[in-house]
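Q: Numbering (the numbering used here), first residue to last: 6 to 300.
Where is the CB? At the ideal position from N, CA and C, for every residue including glycine.
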Ligand SMILES: NC(=O)c1ccc[n+]([C@@H]2O[C@H](COP(=O)([O-])OP(=O)(O)OC[C@H]3O[C@@H](n4cnc5c(N)ncnc54)[C@H](OP(=O)(O)O)[C@@H]3O)[C@@H](O)[C@H]2O)c1
């Protein structure tokens, strides 16, 4: 196994995979819009024909959580129909697919970290369409691994860290939600974990126990407010902004989509099956902060 097709080229995770895969001896073939579009199935076929992949990581997705509420059909094409088509190509080739998913498939009411067997109950359109994508990817390809992650941040793309650095440079005081819990996951760390999972597949060959859902987030949990404080603490010595960060409740920051208040994910299954564990979120922040300030 050597050639890995990666979708969503311009995105956070695909950018991380462009570095992480070669470090494990894989050759990445990245495809992005407009030459790879879920709305155009012929572009998917063309990507497979060009890459001749031994494995696929499907990172492309509709990730605009609030906008999905106003165009669930559009989100469904990217998050469910697209994965189905990709999985079908993988099945035809008999190759593994890593389908990336989200903690937003849960309602956040468990009160403890979710395990993979917990019943999903998405609160919004994004979570619903991503859950449909999990089912489609699993149904269409017997060699599918669904990796659920959360709160992804990196030095590129749209994410909380970059928003904080931008807004923090403009305003002396920020108000950030302090009652939502999760694990901020650095895209380069998640990319390393995915490359390590593929390396395990390469070493062992496909095993029945690999199929299914796995949780893959950084170690430790926090709130958006505490994450913001940590971002500015990391950024200030590097010349970044240091605004005051006030804690507010979710009810004080209404958004179009309802988000799970507690989307903590238990990652034991990933560690036990693949021997893979992501670093703590604070380490991920250290890894990303300098590059984010430079970008
Ligand atoms: N970001 C998070 O906090 C988060 C949390 C949990 C799970 N996830 C999941 O992790 C994965 C990677 O997320 P990410 O943060 O790397 O996402 P991202 O930065 O938003 O990148 C998504 C990529 O998908 C592409 N894309 C969107 N719609 C498409 C379509 N219809 N056809 C083809 N490509 C399309 C985008 O292309 P353009 O750049 O051209 O628009 C973009 O390159 C996704 O499956 C996401 O659902 C993300």
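Cα-Cα, which of 196, 59, 192 and 240 is closest to residue 207?
A: As a working note, residue 207 is residue 202 in the chain shown. When only C-alpha atoms are compared, the closest one is 59.
Q: What are the residues that DSSP puts in a beta bridge with residue 181?
A: Residue 181 sits at position 176 when you count from the first residue of the chain shown. Answer by DSSP bridge pairing, in chain order: 252.
Q: Smallest Cα separation from residue 251: which of 274, 180, 260 and 145?
A: Mapped onto the chain shown, residue 251 falls at position 246. Ranking the options by Cα distance to residue 251, first place goes to 180.
Q: Does the distance between the C-beta of residue 14 and the nearest non-hydrogen atom of ligand 1 fall short of 7 Å?
A: Looking up residue 14 in the chain shown gives position 9. For ligand 1, at least one heavy atom lies less than 7 Å from the Cβ of residue 14.
Q: Quick check: does the Cβ of residue 53 come within less than 7 Å of any heavy atom belonging to ligand 1?
A: Position 48 of the chain shown, counted from the first residue, corresponds to residue 53. False, no ligand heavy atom lies under 7 Å from that Cβ.
Q: Should residue 159 go down as buried or exposed, given a rule of 16 or more other Cβ atoms within 10 Å for buried?
A: Walking along the chain shown from the start, residue 159 turns up at place 154. By the 10 Å Cβ count, residue 159 comes out buried.
Q: What number of angstroms, rounded off, separates the C-alpha of residue 123 from the C-alpha of residue 165?
A: Translated into the one-based positions of the chain shown, residue 123 becomes position 118. Translated into the one-based positions of the chain shown, residue 165 becomes position 160. About 27 Å.
Q: Spatial neighbours of residue 20 within its chain, please: CB distance less than 6 Å, with the 5 preceding and 5 following residues excluded, ordered by chain position.
A: Taking the first residue of the chain shown as 1, we reach residue 20 at position 15. If we look at residue 20 and ignore the five residues flanking it on each side, its Cβ neighbours are 161.
Q: For the structure I just gave you, are there three or more beta carbon pairs, one from the region 169-179 and one from the region 237-253, closer than 8 Å?
A: These segments touch.
Q: Exposed or buried, residue 110, counting other C-beta atoms within 10 Å across all chains shown (16 or more means buried)?
A: Taking the chain shown and counting its residues from 1, one reaches residue 110 at position 105. By the neighbour-count rule (16 or more Cβ atoms within 10 Å), residue 110 is buried.
Q: Cβ of residue 10 within 8 Å of Cβ of residue 43?
A: Within the chain shown, residue 10 is the residue found at index 5, counting from 1. Within the chain shown, residue 43 is the residue found at index 38, counting from 1. No. Outside cutoff.
Q: Could you spell out the range, first to last residue, of the beta strand (DSSP E) harbouring residue 297?
A: The count along the chain shown starts at 1 and reaches residue 297 at position 292. From DSSP, residue 297 is part of no beta strand (DSSP E) but of the alpha helix (DSSP H) over 286-299.
Q: Roughly how many angstroms lie between the CA atoms of residue 295 and residue 157, to the nearest whole one?
A: Numbered from its first residue, the chain shown carries residue 295 at position 290. Numbered from its first residue, the chain shown carries residue 157 at position 152. If I take the Cα positions, the gap works out to 16 Å.
Q: Alpha carbon to alpha carbon, how far is residue 147 from residue 113? Give it in angstroms, no decimals.
A: Translated into positions along the chain shown, residue 113 becomes position 108. Translated into positions along the chain shown, residue 147 becomes position 142. Cα to Cα, the separation comes out at about 29 Å.
Q: Cβ of residue 211 versus every heavy atom of ligand 1: is any distance shorter than 7 Å?
A: Working through the chain shown from its first residue, we reach residue 211 at position 206. Outside the cutoff, so no.
Q: Would you mind listing the beta strand (DSSP E) stretches within the region 22-81 that are 3+ residues and don't spill past its ends, in chain order?
A: 32-36 and 60-63
Q: If residue 196 sits next to residue 137, beta carbons under 8 Å apart, how far is it from one beta carbon to the other, in whole angstroms?
A: Start at 1 with the first residue of the chain shown, and residue 196 comes out as number 191. Start at 1 with the first residue of the chain shown, and residue 137 comes out as number 132. Incorrect: roughly 25 Å between the Cβ atoms, too far for contact.
Q: Pull up the distance between the alpha-carbon of residue 41 and that of residue 199, whole angstroms please.
A: Numbered from its first residue, the chain shown carries residue 41 at position 36. Numbered from its first residue, the chain shown carries residue 199 at position 194. The straight-line gap from Cα to Cα measures roughly 21 Å.
Q: Measuring alpha carbon to alpha carbon, tell me which residue in 38, 125, 167 and 259 is nearest residue 182.
A: Mapped onto the chain shown, residue 182 falls at position 177. Comparing Cα-Cα distances from residue 182 to each of 38, 125, 167 and 259, the minimum goes to 259.
Q: Any heavy atom of ligand 1 within a distance shorter than 7 Å of the CB on residue 129?
A: The residue you call residue 129 lines up with position 124 of the chain shown. Outside the cutoff, so no.
Q: Taking 7 Å as the cut-off, is the beta-carbon of residue 87 closer than that to any non-hydrogen atom of ligand 1?
A: As a first step, residue 87 is located in the chain shown; it is residue number 82 there, counting from the start. Yes, since a heavy atom of ligand 1 falls inside the 7 Å radius drawn around the Cβ of residue 87.
Q: Spell out the partners DSSP gives residue 150 in its beta bridges.
A: For the purposes of this step, residue 150 is taken as residue 145 along the chain shown, with counting starting at 1. Looking at the DSSP assignment, residue 150 forms a beta bridge with 103 and 217.
Q: When you compare the CB positions of residue 13 and residue 30, do they come within less than 8 Å of one another, or not?
A: Counting from 1 along the chain shown, the entry for residue 13 is found at position 8. Counting from 1 along the chain shown, the entry for residue 30 is found at position 25. Not closer than 8 Å, so no.
Q: Check whether the Cβ atoms of residue 226 and residue 187 sit closer than 8 Å, and answer yes or no.
A: Translated into the one-based positions of the chain shown, residue 226 becomes position 221. Translated into the one-based positions of the chain shown, residue 187 becomes position 182. In contact: residue 226 and residue 187 (Cβ atoms closer than 8 Å).
Q: With a threshold of 7 Å (Cβ to nearest heavy atom), would residue 4 be considered close to ligand 1?
A: Since the first and last residues shown for the chain are 6 and 300, residue 4 lies out of range.
Q: Please report the residue range of the alpha helix (DSSP H) in which residue 274 lies.
A: Here residue 274 refers to the residue found at position 269 of the chain shown. Segment 273-279, the alpha helix (DSSP H) holding residue 274.
Q: Is it true that the CB of residue 96 sits closer than 8 Å to the CB of residue 145?
A: Position 140 of the chain shown holds residue 145. Position 91 of the chain shown holds residue 96. Yes, the pair counts as a contact, with Cβ atoms nearer than the cut-off.
Q: Going by alpha carbons, who is nearest to residue 278 out of 213, 90, 229 and 169?
A: As a working note, residue 278 is residue 273 in the chain shown. Of 213, 90, 229 and 169, the residue nearest in Cα terms is 213.
Q: Do residue 141 and residue 78 have their C-beta atoms within less than 8 Å of each other?
A: Counted from its first residue, the chain shown places residue 141 at position 136. Counted from its first residue, the chain shown places residue 78 at position 73. No, the pair does not count as a contact, with Cβ atoms beyond the cut-off.
Q: Among 228, 266 and 35, which one has its Cα closest to the Cα of residue 115?
A: Looking up residue 115 in the chain shown gives position 110. That would be 266, whose Cα lies nearest to the Cα of residue 115.
Q: Which two residues bound the contiguous beta strand (DSSP E) that contains residue 110?
A: For the purposes of this step, residue 110 is taken as residue 105 along the chain shown, with counting starting at 1. No beta strand (DSSP E) contains residue 110, which DSSP labels as neither H nor E.
Q: So, with DSSP's three-state summary, where would you put residue 173?
A: As a position in the chain shown, residue 173 is number 168, starting the count at 1. It is helical.
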